[in-house]
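Report on the structure given below.
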Amino acid sequence: MKPFTLCVLALSLGGCHLSRARPQAPLAPPEVANSIQFPSWTRDASIIVEGHQLKALQIALEDYLHPGTSPPKDADAMTRCLHSLDTYDAWLVRGERMTFVHFTPNEAERCGLKPEVMDPGASYAISDDGVILKRD
Numbered sequence: 002m003k004p005f006t007l008c009v010l011a012l013s014l015g016g017c018h019l020s021r022a023r024p025q026a027p028l029a030p031p032e033v034a035n036s037i038q039f040p041s042w043t044r045d046a047s048i049i050v051e052g053h054q055l056k057a058l059q060i061a062l063e064d065y066l067h068p069g070t071s072p073p074k075d076a077d078a079m080t081r082c083l084h085s086l087d088t089y090d091a092w093l094v095r096g097e098r099m100t101f102v103h104f105t106p107n108e109a110e111r112c113g114l115k116p117e118v119m120d121p122g123a124s125y126a127i128s129d130d131g132v133i134l135k136r137d
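Heads up, the sequence shown is in the numbering used here, so the first residue is 2 and it goes up one at a time.
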């Protein structure tokens, strides 16, 4: 394969990854940003999610609620609710060279719907090197 062709192929394949990038979060206007005061960062007043836990949470979250997917246009209220990230609470437990992640929907509080036993959430075991060891 000619070097030029190889270069063009590599650049075009690299662009495939960029097309799947998630949209950037909106930024507040300057007048809102200027009114925000950050708290004092202390261990006692913070929830600390360590690096391995943060990585495991991201992997499990992207597996459970695939980025960029949305419910069908004719979806009922429960389906729309369960497709929304802010419906869920995430629980994390550190294991030996792994992190356990559990997602629990809170339909009643977050969507105003009667909870259904059909969707108890999901549990994951994620290794420190980013492999989904088990999901349930």
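Note that CB positions come from ideal geometry on N, CA and C, so glycine has one too.
Here DSSP, grouped into helix, strand and coil, assigns H53 to helix. Q54 counts as buried, since no fewer than 16 other beta carbons sit within 10 angstroms of its beta carbon.
For the segment 72-129, the full-length beta strand (DSSP E) segments reaching 3 residues or more read 89-95, 99-106 and 123-128 along the chain.
Around the Cβ of F39, a 10 Å sphere holds fewer than 16 other Cβ atoms; the residue is exposed.
Going by C-alpha positions, W92 is about 35 Å away from E32. Nearest Cα to V132 within the set R98, A46, R81 and T105: R98.
Under DSSP, I133 forms a beta bridge with I127.
Here the segment 105-114 lies against the segment 74-82, with 3 or more beta-carbon pairs under 8 Å apart.
For the 8 Å CB-CB criterion, F101 and A123 do not form a contact. Residue environment analysis places T70 among the exposed positions, since fewer than 16 neighbouring C-beta atoms fall within 10 angstroms of its C-beta.
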